[in-house]
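Residue numbers (UniProt numbering): 1 to 265. For every residue, glycine included, the Cβ atom is placed at its ideal position computed from N, Cα and C.
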């Protein structure tokens, strides 16, 4: 394992082979992918901590989602990364990368996909408001993790029955500092709404992964991407929720690995 930085974004690299870039979900960090990396030998796995997450810097005042996407694509090109795997919040960045650089990668995997500006379920919207209120009153701490991971909404519900995965994910989220709530920069990442139709220029294979019990808005987003992108294929992971890739790493690694190998051939 090696650690480095891309313009202030913390990077973790594991393994050898064709390069795969991994983009994590909100309040997580690159280390969340380790179980999948262990199950996918023969690839050079490169995970970045997104802005405000892990050891990465915050979003700069002059940056927006497009500028961040350009930075990541440029760094990925310099380091010969051919594939992208993204989860939830990470898919917003992946989508912007695909919109602005549709042929930059040989394949894309979008799990629990989201687009900037898409509507959230009412319980999700309320949770974001409650998190901001709690942070304003008490700052960071375990109370933030408890609220964030409580159902409803069912963001983390699929982990409840996974005693091997839930403690690990919780431990990583407990390290999150919630800096994005302090500087308000998250708004700049969603100021310009994304549309599924903007992804139509992507000609390389796109795998869309959903948990059978994922939130309605993410299922709707997956359908809109599949309808807009001719190269897209949707796969549903039975019994899984929003964080299907983390809930069932074995099945997820089989899906993602098959997708990567098909492209590699």
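The three-state secondary structure of residue 162, taken from DSSP, is coil. The DSSP assignment places complete beta strand (DSSP E) segments of no fewer than 3 residues inside the region 24-95 at 44-48, 81-87, in order along the chain. The Cβ atoms of residue 158 and residue 247 lie closer than 8 angstroms to each other. Within the same chain, 118, 119, 120, 121 come within 7 angstroms of residue 217 by CB-CB distance, once the 5 residues on both sides are set aside.
The shortest CA-to-CA distance from residue 108 to any of 168, 82, 125 is the one to 82. With a cut-off of 8 angstroms on Cβ pairs, the region 228-240 is not in contact with the region 19-26, counting fewer than three such pairs.
Between residue 189 and residue 92 the beta-carbon gap is near 7 angstroms, inside 8 angstroms, which marks them as a contact.
When secondary structure is reduced to three states using DSSP, residue 201 falls in the coil class, being assigned neither helix nor strand. Sequence-distant partners of residue 147 (beyond 5 residues in either direction) whose C-beta falls short of 8 angstroms from its own C-beta, in its chain, are 127, 130, 131, 134.
Assigned with DSSP and collapsed to three states, residue 5 falls in strand. Scanning 204, 253, 199, 242 for the CA closest to the CA of residue 100 turns up 199. Contact between residue 69 and residue 96 holds, since their C-beta atoms are separated by about 4 angstroms, short of 8 angstroms.
Counting only runs of 4+ residues, the alpha helix (DSSP H) found wholly inside the region 119-183 occupies 122-138, 142-148, 166-173, 179-183, in chain order.
Membership of residue 107 in the beta strand (DSSP E) is indicated by the continuous run 107-111. Linking residue 86 to residue 110 through their CA atoms gives a straight-line distance of about 5 angstroms. Shortest Cα-Cα distance from residue 231 to any of 244, 163, 208, 251 involves 208.
With contacts defined by Cβ atoms closer than 8 angstroms, residue 36 and residue 249 form a contacting pair.
Boundaries of the beta strand (DSSP E) harbouring residue 211: 206-211, taken from the DSSP string.
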